[in-house]
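Undergrad: Start counting the sequence shown at 1; every next residue gets the next number (our numbering). In this text, a Cβ means the ideal position worked out from N, Cα and C, and glycines have one as well. Everything numeric in this text was worked out from a predicted model, so none of it was measured.
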Amino acid sequence: MSTSSLTLLNQRLSSRPEAVREHLAQYICDHLDVIEFEMNWQPSEELKAELERREKDCYENPSDGAPWPEVRERILKSRK
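So this is what it looks like as structure tokens:
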């Protein structure tokens with residue numbers, strides 16, 4: 001997808017109600033395995049290692065994370 005396509009997609013999505021954007025984001029997250037398969041995308045070894053490191057860290061230090069509502073609130077505040 002080109003940069004101009006992504007810009008256009010972002011413009012169109014930003015005009016949609018927040019609930020619609022949240023639903024779309026959740027749908028994408030729920031279907032990443034299908035999207036990845038269909039795109040035949042393969043993560044680099046570096047990315048695989050980073051994701052594994054992060055997963056391990058999540059299990060070893062669960063209190064270091066933040067719940068989604070808190071993260072979401074920070075993101076929304078940073079956009080203002």
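#1: Please list the terminal residues of the continuous alpha helix (DSSP H) segment that includes D30.
#2: Going straight from the alpha carbon of N40 to that of K48, what length do you get?
#3: Alpha helix (DSSP H) containing P43: first to last residue?
#4: Any idea what DSSP makes of R69, helix, strand or coil?
TA: In brief:
#1: Per DSSP, D30 belongs to the alpha helix (DSSP H) from E18 to D30.
#2: For N40 and K48, the distance between alpha carbons rounds to 16 Å.
#3: No alpha helix (DSSP H) holds P43; DSSP gives it neither H nor E.
#4: It should be noted that the sequence gives Pro, not Arg, for residue 69. Three-state DSSP puts P69 in a helix.
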